[in-house]
Amino acid sequence: MLILNAKKVSDHFKEQVVVTIYLKDTAKDIEIKQLQKSLAMADYVKSTEYVSKEQAAEFMKAENGEDFMDFVGYNPLQNSIDVHLKAAFVTSEHLEKISSDALNKDFVDEVTYDNDLVNLMNDNVKKISFWVLVISGIFTLIAVLLINSSIRLAVYSKRFTIKTMQMVGATKQFIRRPFVWKSVRLGIIGALLALIGMAIVLYYLNKTFPELELLNNATLVILLFVFVFALGIVITWISTHIATQRFLNLKTDQLYY
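Using UniProt numbering, the first residue of the sequence shown is number 1, and each one after it goes up by one.
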């Protein structure tokens with residue numbers, strides 16, 4: 001689930017990066033509106049928000065718990081436009097181009113954004129996605145090996161029964177069938193327990209971080225659940241088939257080793 005939603009999660013955090021365009025006090029209202037409108041229509045922009053110097057002062061007052069203008073005597077802040085970009089455009093190259101385009105306008109004083117954070121975020125997303133994939137693969141391999149070992153031990157304990165049934169004329173398919181069905185039933189129970197656990201985790205993750213929209217793609221979640229359920233059956237079926245086949249092919253004198 002982490003691998004499938006890695007891009008969505010990384011996109012969410014990328015879209016939290018804000019490009020702030022500070023405007024000169026001489027900027028006219030019509031110029032500000034035109035700039036905001038052109039930004040809103042741009043392919044790379046997700047949303048824009050105009051923040052007046054008065055709003056900025058109120059925000060700082062709420063953050064710091066005191067009115068800094070009582071000490072300064074005036075409001076030194078500037079009117080600004082906060083721009084949230086679409087995730088695909090949150091790269092150093094795109095941010096630099098957007099900044100240059102905005103600075104070409106006479107009424108724009110400064111453009112700021114956290115370039116170091118953007119570089120760090122892009123690097124970490126790649127590393128995290130890679131290691132999540134590796135760790136998931138390792139855990140999957142461990143699970144398969146544990147299931148396979150358990151089934152082999154269960155079949156091993158019945159090796160004399162298997163050979164006795166062969167000696168009285170039972171076919172390999174007839175002997176193998178009860179072992180396969182028992183293992184498949186255990187696989188179904190294990191898969192259902194795993195799905196219940198995953199459903200609980202997904203529910204609380206979606207409740208805690210609704211902005212990630214983990215459950216919005218119902219088709220993806222259903223396919224994942226079906227895949228896990230099918231995998232529980234397939235692993236146990238293949239492991240049992242291999243384990244029983246090994247003992248079916250053994251000679252009687254080899255059963256004691």
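Where is the CB? At the ideal position from N, CA and C, for every residue including glycine.
Just so you know, these numbers come straight off a predicted model, no measurement behind them.
Do residue i and residue j have their C-beta atoms closer together than 7 angstroms?
i	j	result
Ser183	Thr219	no
Ile21	Ala143	no
Val90	Val17	yes
Arg159	Phe247	yes
Ile3	Gln36	no
Lys53	Leu77	yes
Val168	Ala191	no
Ser47	Asn148	no
Leu85	Tyr113	no
Val9	Leu212	yes
Ala88	Glu15	no
Between which two residues does the beta strand (DSSP E) harbouring residue i extend?
i	result
Val111	108-112
To the nearest whole angstrom, what separates the beta carbons of residue i and residue j, a pair I think is in contact under 8 angstroms?
i	j	result
Leu205	Leu214	6 angstroms
Val83	Leu39	6 angstroms
Lys24	Phe130	Between Phe130 and Lys24 the Cβ distance is about 45 angstroms, and since that is not below 8 angstroms, they are no contact.
Ile151	Ala243	5 angstroms
Asn119	Ser92	6 angstroms
With burial defined as no fewer than 16 other Cβ atoms inside 10 Å of the residue's Cβ, what is the status of residue i: buried or exposed?
i	result
Gly187	buried
Lys126	exposed
Leu133	exposed
Phe209	exposed
Ile200	exposed
Tyr156	exposed
Ala230	exposed
Asn216	exposed
Val111	buried
Lys28	exposed
Leu95	buried
residue 259	This structure leaves residue 259 out entirely; the chain is present only between 1 and 257.
What span of residues does the alpha helix (DSSP H) with residue i cover, start to end?
i	result
Lys158	First-last for Lys158: undefined, no H or E at that position.
Thr240	218-248
residue 304	With the chain covering 1 to 257 only, the question about residue 304 has no answer from this structure.
Glu211	Unbroken run through Glu211: none, as it is neither H nor E.
Lys46	Looking at the DSSP string, Lys46 is not in any alpha helix (DSSP H); the run it does join, the beta strand (DSSP E), is 45-51.
Problem set entry | Minimum length 4: unbroken alpha helix (DSSP H) runs contained in the segment 82-126 | You should have 92-103.
Problem set entry | Ranges of the beta strand (DSSP E) found wholly within the segment 7-38, counting only runs of at least 3 | If we require 3 residues or more, the beta strand (DSSP E) runs fully inside the segment 7-38 come out as 18-23.
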